[in-house]
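Peer 1: Here it is, the structure in full.
Numbering (the numbering used here), first residue to last: 395 to 672.
In structure tokens form, the structure reads like this:
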């Protein structure tokens, strides 16, 4: 990649048949990470035999995230910027990124860089082997307290156990999907989306690669504990009938017990031996 006389990055022309890869970057108040994002991401992708576009989805940041993203767009024609009018759930940011992307393949990379960009070539390599979904599988989550890691791992397994489809455990949004998967997602009308479950439910050819999630080096986590609890609840209720079946069976058993108690009490009253307290 070269630069013109104004300092703007100029991408070497690629044949129009070269696959286009969209890197979708959700961001919320990540001004302290943007310089590092450009510094770590571009060297990874610049030598790969693909065309790239980088789409920043700004979830109504209140710091200089938007200004820094716009500056990237001015320096490098491959960068694009989309800002929400207000703050939405991160699932909406990813959905908007998928919808806005033009790539043959699309990869979600959070701007905090806890998911390492150096795994992007590996995602693309596995994609070329014929997979439509390549998920990053976390073996270690660095930087989080042990109790939080334990609860997150437990939540993943509860979701997987209750779900009516096979949802991989220990996977997040750091994944590659093809345009065909994106197009299939567009046919799903859910507003409150659990994207990881939806992508698994679609049934395309899927696999995973393991990696270690890094500790955050700047800024603060945007997923407090209560958010994770609500996220897990939405995931369980979106892709499983087991909670409904459990509540239905519990209600049925309680109804049967109440009916049996009514018969016993009624019989005792008829024979003149009402239960104590009646």
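For each residue, glycine too, the CB sits at the ideal point set by N, CA and C.
1. Going by C-alpha to C-alpha distance, which of 413, 589, 457 and 508 sits closest to residue 445?
2. Please go through the same chain and pick out, in chain order, the residues whose beta-carbon is closer than 6 angstroms to the beta-carbon of residue 454, but skip the five residues on each side of it.
3. What are the boundary residues of the beta strand (DSSP E) that includes residue 566?
4. Rounded to whole angstroms, what's the CA-CA distance from residue 596 to residue 655? Just pull it up for me.
5. Which whole runs of the beta strand (DSSP E) in the region 480-559 are 3 residues long or more, in chain order?
6. Tell me residue 474's beta-bridge partners as DSSP assigns them.
7. Assuming residue 439 contacts residue 512 under a Cβ cut-off of 8 angstroms, what Cβ separation, rounded to an integer in Å, is found between them?
8. For residue 501 and residue 649, I'd like the C-alpha separation in whole angstroms.
9. What separation, rounded to the nearest whole angstrom, lies between the Cα atoms of residue 494 and residue 456?
10. Measuring only the C-alpha atoms, how far is residue 547 from residue 665?
11. How big is the Cα-Cα spacing for residue 535 and residue 491?
12. Count the other CB atoms, across all protein chains shown, that sit within 10 Å of the CB of residue 652; report buried if there are 16 or more and exposed otherwise.
13. Could you say which of 485, 484, 458 and 449 lies nearest to residue 470 if we only look at CA atoms?
14. Assuming residue 575 and residue 593 are in contact, meaning their beta carbons sit under 8 angstroms apart, how far apart are those beta carbons, in whole angstroms?
15. Quick check: what's the CA-CA separation for residue 418 versus residue 451?
Peer 2: Taking the structure as given:
1. The residue with the shortest Cα to Cα distance from residue 445 is 413.
2. Answer for residue 454: 478, 480 and 481, listed in chain order.
3. That run of the beta strand (DSSP E) goes 565-572.
4. Answer to the nearest angstrom: the Cα atoms are 48 angstroms apart.
5. Those beta strand (DSSP E) runs which fall completely within the region 480-559 and span 3+ residues are 499-502 and 527-535.
6. DSSP lists 449 as partners of residue 474.
7. With 8 angstroms as the limit, residue 439 and residue 512 do not qualify as a contact, their Cβ atoms being about 10 angstroms apart.
8. A direct Cα-Cα distance of roughly 51 angstroms separates residue 501 from residue 649.
9. Take the alpha-carbon of residue 494 and the one of residue 456: they are about 23 angstroms apart.
10. When rounded, the separation of the alpha-carbon atoms in residue 547 and residue 665 is 58 angstroms.
11. Linking residue 535 to residue 491 through their CA atoms gives a straight-line distance of about 25 angstroms.
12. Residue 652 is exposed by the Cβ-count criterion.
13. Looking at the Cα atoms, 449 is the closest of the given residues.
14. Yes, they are in contact, since the Cβ atoms of residue 575 and residue 593 sit about 6 angstroms apart, within 8 angstroms.
15. C-alpha separation (whole angstroms): 7 angstroms.
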